[in-house]
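Input: a single structure, listed below in structure tokens.
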Amino acid sequence: MDQHLEVFVKVVEKENFSKAAEELHMTQPAVSQYIRTLEESIGTRLLERSNKYVRLNKAGEIVYHHAKEILALYTKMQSLVDDLTNKASGSIAIGASYTFGEYILPHIIARMQEQYPLISPSIKIQNTKEIIELVKMHQLDIGIIEGFINEDMLNSEVVSEDRMVIVASPRHRLLTMKRENRISDLEEERWILREEGSGTREAAENLFRKYDFTPKKIMEFGSTQLIKESVEAGLGISLLSRWAIEKELTNGYIGMIPVEGLPFKRNFSILTHSPYQTKALKTFIETLRYYLAEQAI
Numbered sequence: 002m003d004q005h006l007e008v009f010v011k012v013v014e015k016e017n018f019s020k021a022a023e024e025l026h027m028t029q030p031a032v033s034q035y036i037r038t039l040e041e042s043i044g045t046r047l048l049e050r051s052n053k054y055v056r057l058n059k060a061g062e063i064v065y066h067h068a069k070e071i072l073a074l075y076t077k078m079q080s081l082v083d084d085l086t087n088k089a090s091g092s093i094a095i096g097a098s099y100t101f102g103e104y105i106l107p108h109i110i111a112r113m114q115e116q117y118p119l120i121s122p123s124i125k126i127q128n129t130k131e132i133i134e135l136v137k138m139h140q141l142d143i144g145i146i147e148g149f150i151n152e153d154m155l156n157s158e159v160v161s162e163d164r165m166v167i168v169a170s171p172r173h174r175l176l177t178m179k180r181e182n183r184i185s186d187l188e189e190e191r192w193i194l195r196e197e198g199s200g201t202r203e204a205a206e207n208l209f210r211k212y213d214f215t216p217k218k219i220m221e222f223g224s225t226q227l228i229k230e231s232v233e234a235g236l237g238i239s240l241l242s243r244w245a246i247e248k249e250l251t252n253g254y255i256g257m258i259p260v261e262g263l264p265f266k267r268n269f270s271i272l273t274h275s276p277y278q279t280k281a282l283k284t285f286i287e288t289l290r291y292y293l294a295e296q297a298i
């Protein structure tokens, strides 16, 4: 039945029997037969068909949602069995929030590929909230997020500390002051922040609560790179991870505003759904831990 679910998922995602058949290296009649057999097994139609489209009906939406989870679990089961006799190999679905995913994860993946070339990672970068949901649905083998969560469904472990600082254009007046600024000195500044659901946005809000501070002007952007470019251009100030700004600091594109009580610290955590880990996933986690430990020295 897993192959029937695989064919069904492919038809749904391609929205077309012919395109699904081509990707699965099957004939279109064979794909149609798989779908008919699945619908007979479930006891109802799952797809609405016409000459122009293939769409899910309500029953199809339920089956599609669970089919994705079942296929992910089947793949994990097969990998665990293979691990009993084989070296670290196979696929890993890795998800990470933006700061970790864009500025740290590429170095970890490069090191792992050098040592374990038979491991095939796929990467998804989303905000923290979305990564948590994908791990819950078994769409990711592991998620790396900013902060720490208490989720009964997930295993969560802090793996590193992240230092966050307030940055501004190198021409900003507060960078020329010889004393440390108080957070209240920044009340009139325009703050450029990430969107709701982002770990970086959550860190900024935690900072504001800690110092009982509310910025009067906030702009919201959905990209850390866009925030850095805007800060460099003098549009405003922001709270960003040191990991994300190393190149800009080195080249003098932005500067850190000295503020009492900073850097503001948060954690990076890894999330998994199953207590059983494939050899490939264990290898990735080991590589991640070694890399972060080296950077902390």
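In terms of the working numbering, the sequence shown opens at residue 2 and continues consecutively.
We put the beta carbon where it would ideally sit given N, CA and C, even for glycine.
In this text the structure is predicted, and so the values were computed from the model without any measurement.
Beta-carbon within less than 6 Å of Asn1's beta-carbon, same chain only, minus the 5 sequence neighbours each way: which residues are those? Examination of residue 1 is not possible in this model, given that the chain is present from 2 through 298 alone.
Closer than 7 Å by C-beta to Glu70: which residues in its own chain qualify, once you throw out the five before and the five after it? Chain order, please. Correct list, in chain order: Met138 and His139.
Going by C-alpha to C-alpha distance, which of Ser185, Asp142 and His67 sits closest to Pro259? It is Ser185 whose Cα lies nearest to the Cα of Pro259.
Just the Cα atoms here: how many angstroms apart are Ser80 and Ile120? 11 Å
Helix, strand or coil: which one does DSSP assign to Met138? coil
In the DSSP output, what is Thr273 paired with across the bridge? Asn156
Report the three-state DSSP secondary structure of Ser92 (helix, strand or coil). strand
Through-space distance from Gln29 to Leu47, alpha-carbon basis: 18 Å
Exposed or buried, Leu39, counting other C-beta atoms within 10 Å across all chains shown (16 or more means buried)? buried
If you draw a straight line from the alpha carbon of Arg172 to that of Gly235, how long is it in whole angstroms? 8 Å
Three-state secondary structure (DSSP) of Lys125: strand
Quick one: what does DSSP say Gly144 is sitting in, helix, strand or coil? strand
According to the Cβ coordinates, are Ile43 and Val64 closer than 8 Å? yes
Rounded straight-line distance, which links the Cα of Gln4 to that of Ser33: 13 Å
Same chain, Cβ closer than 7 Å to Leu208, neighbours up to 5 away in sequence not counted: Leu240 and Phe265
Whole-angstrom C-beta distance between Thr100 and Glu147, which should lie under 8 Å: 6 Å
Since Met220 and Gly237 should fall inside the 8 Å C-beta cutoff, what is the C-beta to C-beta distance between them, to a whole number of angstroms? Right, the Cβ-Cβ distance comes to about 6 Å (below 8 Å), so this counts as a contact.
Exposed unless 16 or more other CB atoms sit within 10 angstroms - verdict on Ser270: buried
Beta-carbon gap between Ile95 and Ile143 smaller than 8 Å: yes
Own chain, CB closer than 8 Å to Leu72, minus 5 neighbours either side, in chain order: Asp3, Leu6, Glu7 and Val10
Roughly how many whole angstroms lie between the Cα atoms of Gly198 and Thr129? Their backbone Cα atoms lie some 6 Å apart in a straight line.
For a test of the three-state rule: what should DSSP assign to Gly237, helix, strand or coil? Secondary structure at Gly237: coil, using DSSP grouped into helix, strand and coil.
Residue closest to Ser19, alpha-carbon to alpha-carbon, out of Glu41, Thr45 and Asn52: Asn52
One question on the structure: do Ala204 and Arg164 come within less than 8 Å of each other, judged by their Cβ atoms? no
Pick out whichever of Glu181, Ile105 and Glu134 has its Cα sitting closest to the Cα of Ser161. Ile105
I'd like to confirm the pairing. Which residues does DSSP put opposite Val82 in its beta bridges? As computed with DSSP, Val82 is found in no beta bridge at all.
Secondary structure of Lys217, DSSP reduced to three states: DSSP, read as helix, strand or coil, puts Lys217 in coil.
Name the two residues that bound the continuous alpha helix (DSSP H) containing Val8. Asp3 to Lys15
Tell me, to the nearest whole angstrom, how far the beta carbon of Ile133 is from that of Ala97; I am working on the premise that it is less than 8 Å. That belief does not hold up - the Cβ atoms of Ile133 and Ala97 are roughly 12 Å apart, past 8 Å.
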